[in-house]
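Residue numbering for the sequence shown follows the numbering used here, starting at 193 and increasing by one per position.
From the three backbone atoms N, C-alpha and C, an ideal C-beta is built for every residue, glycine too.
For clarity, every value in this text was computed on a predicted model and none was experimentally measured.
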Amino acid sequence: MQAKLQQILEESKAQLQAAASVQEAEDVRVKVLGKKGALTEILKSMGKLAPEERKELGQAANQVRAEIEELLAETFAKLKSAAQEAKFREEKIDVTEPGKTVKLGAKHPVTVTIEEMSKVFKSMGFTLTEGPEVETVFNNFDALNAGPNHPARDWTDTFYISDDVLLRTQTSPVQVRVLQSQEPPIRVFAPGRTFRCDTADATHSPMFHQVEGLVVDEGITMADLKGVLDSFAKQMFGSETKTKFRPHHFPFTEPSAEMDVSCFKCGGRGCRVCKGSGWIEILGCGMVHPNVLKVGGIDTEKYTGFAFGVGVERVAMLKYGIDDIRLMYENDMRFIEQFK
Ligand code: DAH
Numbered sequence: 193m194q195a196k197l198q199q200i201l202e203e204s205k206a207q208l209q210a211a212a213s214v215q216e217a218e219d220v221r222v223k224v225l226g227k228k229g230a231l232t233e234i235l236k237s238m239g240k241l242a243p244e245e246r247k248e249l250g251q252a253a254n255q256v257r258a259e260i261e262e263l264l265a266e267t268f269a270k271l272k273s274a275a276q277e278a279k280f281r282e283e284k285i286d287v288t289e290p291g292k293t294v295k296l297g298a299k300h301p302v303t304v305t306i307e308e309m310s311k312v313f314k315s316m317g318f319t320l321t322e323g324p325e326v327e328t329v330f331n332n333f334d335a336l337n338a339g340p341n342h343p344a345r346d347w348t349d350t351f352y353i354s355d356d357v358l359l360r361t362q363t364s365p366v367q368v369r370v371l372q373s374q375e376p377p378i379r380v381f382a383p384g385r386t387f388r389c390d391t392a393d394a395t396h397s398p399m400f401h402q403v404e405g406l407v408v409d410e411g412i413t414m415a416d417l418k419g420v421l422d423s424f425a426k427q428m429f430g431s432e433t434k435t436k437f438r439p440h441h442f443p444f445t446e447p448s449a450e451m452d453v454s455c456f457k458c459g460g461r462g463c464r465v466c467k468g469s470g471w472i473e474i475l476g477c478g479m480v481h482p483n484v485l486k487v488g489g490i491d492t493e494k495y496t497g498f499a500f501g502v503g504v505e506r507v508a509m510l511k512y513g514i515d516d517i518r519l520m521y522e523n524d525m526r527f528i529e530q531f532k
């Protein structure tokens with residue numbers, strides 16, 4: 193029996209020394225100290241021995257067990273820390289390695305231009321508002337006083353979704369929504385996408401952007417319109433900029449005008465950008481037609497207003513010297529990066 197105990201002890205020592213993993217050490221433990229382990233079997237069989245023998249062997253067996261337990265604890269500790277070290281080694285990162293460069297994007301010139309315009313209008317007390325790109329025919333045409341035979345209604349000019357719904361051809365329907373939902377004093381601007389059935393060429397795109405403006409209050413006159421838009425032009429294109437208003441026609445304004453700004457390229461002397469005239473047409477505007485105010489439930493005896501619509505791409509192209517509108521929608525980073 194003593195010899196057997198010694199053998200168990202020696203074997204356990206050897207096996208634990210050879211154990212390469214926590215699992216292997218655990219296997220040794222089960223084999224020796226587990227329920228059916230070699231040492232456990234011996235301890236269990238003690239009962240059959242004579243009391244003398246039992247005492248002596250019991251002490252020896254307990255000692256062997258204690259020794260093996262100690263050895264097991266040491267081996268587990270050693271193997272666990274080795275395993276952790278290996279894991280650390282595996283997860284090691286080289287902090288001196290050069291980083292991956294992330295290429296920064298740039299704002300699109302249309303975004304830059306809308307932001308610039310927004311800043312100017314906000315500084316003059318206008319509030320930003322928006323309307324949907326999918327509009328009713330009523331808001332886009334009827335409510336804006338466009339007669340039933342207005343040429344812009346033609347299906348060859350307008351993207352119709354159904355008889356009553358279309359892709360807005362202008363941001364002007366936002367005026368209708370504002371007039372129907374707000375009480376004067378009203379002072380809003382509304383940037384957004386607009387759509388027309390145009391074949392893309394250097395100056396046309398079936399999708400483009402406008403910024404709409406609307407002011408309604410007591411005693412608003414053409415002088416307010418001119419003052420606001422002249423100030424807008426000077427803030428947008430430089431304080432030397434001059435403005436000129438030419439009579440025009442829009443169904444939703446009366447009187448209507450187009451505003452030209454003195455060419456910011458040549459200062460008015462005449463160049464390629466202004467086609468030699470010294471002036472550049474920049475927006476449409478006018479005093480809001482009473483019929484439009486009425487659709488919005490506004491008392492036309494008490495209130496008057498003015499409105500305007502600016503083409504964003506046009507302003508961006510003139511400002512940055514872009515000679516083809518299609519460049520705006522090709523998403524070529526070499527183009528877009530120039531407007532940071
Ligand atoms: N909606 C017009 C267009 O697309 C632009 C415009 C002209 C807007 C005069 C206005 C305005 O608000 O008063 O050509």
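Coil, strand or helix - residue i by DSSP
i, result
"Ala274", "helix"
"Ser364", "coil"
"Thr395", "coil"
"Glu327", "strand"
"Phe429", "helix"
"Arg461", "coil"
"Phe351", "coil"
"Ile412", "coil"
"Lys385", "Note that residue 385 is Arg in the sequence shown here, rather than Lys. Three-state DSSP puts Arg385 in a strand."
"Leu241", "coil"
"Thr319", "strand"
"Phe400", "strand"
"Phe442", "strand"
Assigned exposure category for residue i - 16 Cβ within 10 Å defines buried
i, result
"Gln276", "exposed"
"Gln402", "buried"
"His481", "buried"
"Glu505", "buried"
"Glu307", "exposed"
"Leu320", "exposed"
"Arg379", "buried"
"Tyr495", "buried"
Integer Cβ distance of residue i from residue j, believed to fall under 8 Å
i, j, result
"Ile200", "Ala230", "5 Å"
"Val326", "Leu359", "6 Å"
"Val220", "Leu208", "6 Å"
"Met316", "Ser423", "7 Å"
"Val302", "Val487", "That belief does not hold up - the Cβ atoms of Val302 and Val487 are roughly 30 Å apart, past 8 Å."
"Leu406", "Pro365", "Contact doesn't hold; Cβ gap of about 11 Å is too wide."
"Thr361", "Thr386", "6 Å"
Beta-bridge partners of residue i, as assigned by DSSP
i, result
"Ser213", "DSSP, once it has assigned bridges, lists no residue as partnering Ser213."
"Cys477", "Ala449 and Phe500"
"Tyr521", "None, per the DSSP bridge assignment."
"Leu406", "Val380 and Ala499"
"Phe437", "Met451"
"Ile472", "Val453"
Residue range of the alpha helix (DSSP H) that includes residue i
i, result
"Val484", "Pro482 to Val487"
"Val357", "It is not in any alpha helix (DSSP H) - Val357 instead sits in the beta strand (DSSP E) that spans Val357 to Leu359."
"Met309", "Pro301 to Ser315"
"Ile490", "Looking at the DSSP string, Ile490 is not in any alpha helix (DSSP H), and its letter there is neither H nor E."
"Lys236", "Ala230 to Ser237"
Contact with chain B by residue i, beta-carbon distance below 8 Å
i, result
"Val403", "Of the chains in the structure shown, none is chain B; there is only one protein chain."
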